[in-house]
Amino acid sequence: MPLPCHLVRSKRKSLAVHVRHDRIEVRAPLRIARREILQFLSRHQAWVCRKHQEKVKRASEHLALSDGSPILYKAQNLTVRLRTAPRSEVIVSATELTISGPDLAPEKVAAVFKGWLQQQAKAWLPGRTRALAEHLGVGTKLTDVVFRKTKSKWGHCTAQGRIQYNWLIMLAPDGVIDYMICHEVCHLLHMNHSPAYWQAVARVCPDYKRYVGWLKQHEHRLWF
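Position 77 of the sequence shown, counted from 1, bears residue number 77 in full-length UniProt numbering, the numbering being contiguous throughout.
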């Protein structure tokens, strides 16, 4: 079945195509002819098909919180176990991540796991964020640290100094988490992704490219 194609026209100067798992998004200049858009898509048909297959595969690897399903936690491949128990909790062993509770309905399991990850995020991220901001001399610019599960971003820093983290990042290795903290705090120095910004990131986190690579390769497995 052909994918639906969504056309977005703007003041941009060139054509671009973005492939999602459920649609194709074409971004085009305001006045470009429909014929040119169709020719562009025809030239890139093989690439679009390949990218769509990759997106579908990645979507199928999203985290499933069912008994026996795999989970990537701190770069370790563990097995999810669900256990009926009077108290809701999450316990991690060398091979398993066990979610316990009195009700193992999917939405209840997800709520227990979400609460556990949020608790870890609140215990880990604000303190390390403030410490790094102080170290870089921008402690007064940091106004707040908040958490939100977003569709695509792991972190965000506003011009007002408010840093937001996606609490799912707590599934990643500690080095990746520290890179994410570095990434957002360095925006308090440079509100852009200029060479000066990346130089600041590299001074704090010399191996940042390795952590960026890890996220690109594995981030789809951290979503549920």
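Yeah, the Cβ is synthetic: ideal placement off N, Cα and C, and Gly gets one too.
In terms of CA proximity to E134, L189 leads the group V26, L189 and I71. For the pair A123 and L171, the Cα-to-Cα distance works out to about 14 Å. A distance below 6 Å between beta-carbons, with the five flanking residues on each side excluded, links H187 to the following residues of its chain, in chain order: C157.
According to DSSP, S100 shares a beta bridge with R83 and E89. Beta bridge pairing from DSSP links Y73 with Q76. For R23, the three-state secondary structure derived from DSSP is coil.
Looking at the backbone, the Cα of W198 and that of R35 are separated by about 41 Å.
Inclusion of L168 and W223 in the CB contact set at 8 Å is warranted, their separation being smaller than that value.
Rounded to whole angstroms, the gap between the alpha carbons of A105 and K51 is 35 Å. With a 10 Å radius around the Cβ and a threshold of 16 neighbouring Cβ atoms, C182 comes out buried. The secondary-structure analysis by DSSP pairs S10 across a beta bridge with P29.
The Cβ-Cβ distance between S66 and A85 does not fall below 8 Å. Between the stretch 143 to 151 and the stretch 74 to 94, the count of C-beta pairs closer than 8 Å stays below three; the two stretches do not touch. According to the DSSP assignment, V146 belongs to no alpha helix (DSSP H) but to the beta strand (DSSP E) extending over D144 to F147.
Here T98 is actually not in contact with R87; their C-beta atoms are around 12 Å apart, not less than 8 Å.
Relative to the Cα of L63, the nearest Cα in the group V176, R43, L72 and P2 belongs to L72.
Burial state of G155 is buried, judged by a 10 Å Cβ sphere holding 16 or more other Cβ atoms.
With respect to the C-alpha of P126, the residue from A196, I163, T150 and K141 having the closest C-alpha is I163. Secondary structure note for G155: its beta strand (DSSP E) is the uninterrupted segment G155 to C157.
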